[in-house]
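Visitor: Numbering (my numbering), first residue to last: 124 to 379.
1. Of the choices 297, 204, 184 and 328, whose alpha-carbon is the least far from that of residue 285?
2. Taking only runs of the beta strand (DSSP E) that begin and end inside the stretch 175-241, which ones reach a length of at least 3 residues, in chain order?
3. In whole angstroms, give me the CA-to-CA distance for residue 144 and residue 354.
4. The beta strand (DSSP E) spanning residue 313 covers which residue range?
5. Using the beta-carbon count (16 or more within 10 Å), is residue 341 buried or exposed?
6. Which first and last residues belong to the beta strand (DSSP E) in which residue 281 is found?
7. Could you give the DSSP three-state label for residue 154: helix, strand or coil?
8. Measuring CB to CB, does residue 150 end up less than 7 Å from residue 347?
9. Just verifying my parser: in three-state terms, what is the DSSP assignment at residue 164?
10. What is the residue span of the alpha helix (DSSP H) that residue 333 lies within?
11. Just checking, does the stretch 171-178 make contact with the stretch 352-371 on the three C-beta pairs under 8 Å criterion?
12. Assess, as a yes-or-no matter, whether the stretch 314-325 is touched by the stretch 221-241 under the definition of 3 or more beta carbon pairs within less than 8 Å.
13. Leaving out five residues on either side along the sequence, give the residues of the same chain with a beta carbon under 6 Å from the beta carbon of residue 147.
14. Based on Cα-Cα distance, which residue from 177, 344 and 189 lies nearest to residue 328?
15. Do residue 212 and residue 161 have their beta-carbon atoms positioned less than 7 Å apart in this structure?
16. On the DSSP letters alone, give me the boundaries of the beta strand (DSSP E) that residue 264 sits inside.
17. For the 8 Å Cβ check, are there 3 or more pairs between the stretch 258-266 and the stretch 179-187?
18. Between the alpha carbons of residue 367 and residue 228, how many angstroms are there, rounded?
19. Does the beta-carbon distance from residue 364 to residue 194 come in below 7 Å?
20. How long is the line joining the alpha carbons of residue 166 and residue 299, rounded to whole angstroms?
21. What do you get for residue 283, buried or exposed, if any count of 16 or more other CB atoms within 10 angstroms of its CB means buried?
22. Leaving out five residues on either side along the sequence, give the residues of the same chain with a beta carbon under 8 Å from the beta carbon of residue 125.
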């Protein structure tokens, strides 16, 4: 586990120290792309060898249980009245959490550029920030907050996917259901270092194929609430390249 820079530290290690080593693998995704773009980093996730996309997951907007915000519309109304009065929190600046808040505000007819956002290095820190009151509205993958929502420590205001999902055994409210036209999911993929042979790439892909088809993996998808979003080979490589371009465009468009 290499913390720092929304994944930049890990990517730097993978593309330099681990170059050509088929036994070093990395999990990364949209969060890393956004963080690298936000930091104007010379690194690109496309420098790594894309093996497979694995999962996608809706983002969850949550508040502490005693928050005055009962619905996502309450958040929108408060932001409209005074943008600085609403403190959002999530993962690294420029990552999926930051982006989906920007999309939500823009879809509600508001300016994302005025957003008061605290970026945390990990989900544990973000959860602590929400529960302590340092953050008024937290955003992360649904699985990150599911336990706190089920225990009653947090209230779920909305999820970012248009497709209905359940959280804690109950249908989750969606942004689109509140009249905010956003359909957004975060994704994760597995990468190998650059410079590995074609034979090694095929071997790693075959290994991941076996895991993906296992009953253990299927059970984990259901347990965590992840959506299976599997691609390999050129399809996976093209998807990651397209997502990098799209994310850069989105960050510019949202003024983030």
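For glycine and all other residues, C-beta sits at the position ideal for the given N, C-alpha and C.
Guide: Let's see:
1. Counting from one through the chain shown, the residue named residue 285 turns up at place 162. Of 297, 204, 184 and 328, the residue nearest in Cα terms is 297.
2. 210-213
3. Taking the chain shown and counting its residues from 1, one reaches residue 144 at position 21. Taking the chain shown and counting its residues from 1, one reaches residue 354 at position 231. In a straight line, the C-alpha of residue 144 is about 22 Å away from that of residue 354.
4. Here residue 313 refers to the residue found at position 190 when the chain shown is read from its first residue. Run containing residue 313: 308-315, per the beta strand (DSSP E) assignment.
5. Counting from 1 along the chain shown, the entry for residue 341 is found at position 218. Looking at its Cβ environment, which holds fewer than 16 other Cβ atoms inside 10 Å, residue 341 is exposed.
6. As a working mapping, residue 281 is identified with position 158 in the chain shown. Residues 277-282.
7. Residue mapping note: residue 154 aligns to position 31 of the chain shown, counting from 1. Helix, per DSSP.
8. As a working note, residue 150 is residue 27 in the chain shown. As a working note, residue 347 is residue 224 in the chain shown. No, the Cβ-Cβ distance between residue 150 and residue 347 is not below 7 Å.
9. As a first step, residue 164 is located in the chain shown; it is residue number 41 there, counting from the start. The answer is coil: DSSP assigns residue 164 none of H, G, I, E or B.
10. On the chain shown, position 210 is the one that residue 333 refers to. 321-335 is the span of the alpha helix (DSSP H), which, as asked, contains residue 333.
11. yes
12. no
13. In the chain shown, residue 147 corresponds to position 24, counting from 1. 141 and 316.
14. For this step, residue 328 is matched to residue 205 along the chain shown. The shortest C-alpha separation from residue 328 is found at 177.
15. As a working note, residue 161 is residue 38 in the chain shown. As a working note, residue 212 is residue 89 in the chain shown. For residue 161 and residue 212, no; Cβs fall outside 7 Å.
16. Residue numbering aside, residue 264 sits at position 141 when the chain shown is read from its first letter. Run containing residue 264: 260-264, per the beta strand (DSSP E) assignment.
17. yes
18. The count along the chain shown starts at 1 and reaches residue 367 at position 244. The count along the chain shown starts at 1 and reaches residue 228 at position 105. Taking the straight line from one Cα to the other gives about 22 Å.
19. As a position in the chain shown, residue 364 is number 241, starting the count at 1. As a position in the chain shown, residue 194 is number 71, starting the count at 1. No.
20. Walking along the chain shown from the start, residue 166 turns up at place 43. Walking along the chain shown from the start, residue 299 turns up at place 176. Their Cα atoms are separated by approximately 35 Å.
21. Position 160 of the chain shown, counted from the start, is the residue given in the question as residue 283. The residue in question, residue 283, is buried, as its Cβ has 16 or more Cβ neighbours within 10 Å.
22. One-based indexing of the chain shown puts residue 125 at position 2. Same-chain partners within the cutoff: 132, 133 and 136.
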